[in-house]
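For the sequence shown, this note's numbering assigns the number 5 to the initial residue and increments by one for each residue that follows.
Where a beta carbon is used, it is the ideal one built from N, C-alpha and C, also for glycine.
The structure appears below as structure tokens.
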Amino acid sequence: MDNPFTAVRYHSLVIEQETFPHDALEATAWTEDGLIMAARHKKYKHIQGVQFHPESIITLEGKKIVLNFVRFIEELEKQRS
5 MDNPFTAVRY HSLVIEQETF PHDALEATAW TEDGLIMAAR HKKYKHIQGV QFHPESIITL
65 EGKKIVLNFV RFIEELEKQR S
């Protein structure tokens with residue numbers, strides 16, 4: 005997957021670095037100007053979120069992102085069984 009990649013967001017809501025709960029969450033993706041676009045829980049790494057739209061046709065790597073997420077969840081489920 006390209007790094008960095010182009011993603012689409014349809015809003016202006018963001019969490020500021022100053023109010024980001026660094027003790028509980030880890031930022032995992034940013035815009036070019038440093039806005040947080042993804043995060044995961046530090047203890048429960050399977051809890052993750054993105055602040056952009058991977059399903060958008062304008063997010064060029066979107067299909068790969070969704071497929072990687074599905075594979076990640078499938079692997080977690082295998083480990084639990």
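Nearest-angstrom beta carbon gap, residue j and residue i [assumed within contact, 8 Å]
{"i": "S60", "j": "V12", "result": "4 Å"}
Spatially closest choice to residue i from the options, by CA coordinates
{"i": "H45", "options": "I69, V74, V54, R75", "result": "V54"}
{"i": "N72", "options": "L39, W34, H50", "result": "H50"}
{"i": "L39", "options": "A28, F56, K68, K47", "result": "F56"}
Residue burial classification, residue i (beta-carbon count within 10 angstroms, cutoff 16)
{"i": "T63", "result": "buried"}
{"i": "A28", "result": "exposed"}
{"i": "P25", "result": "exposed"}
Coarse secondary structure for residue i, derived from DSSP in three states
{"i": "Q83", "result": "helix"}
{"i": "L29", "result": "strand"}
{"i": "I69", "result": "helix"}
CB contact check: residue i to chain D, cutoff 7 Å
{"i": "V12", "result": "Of the protein chains in the structure, only one exists, and it is not chain D."}
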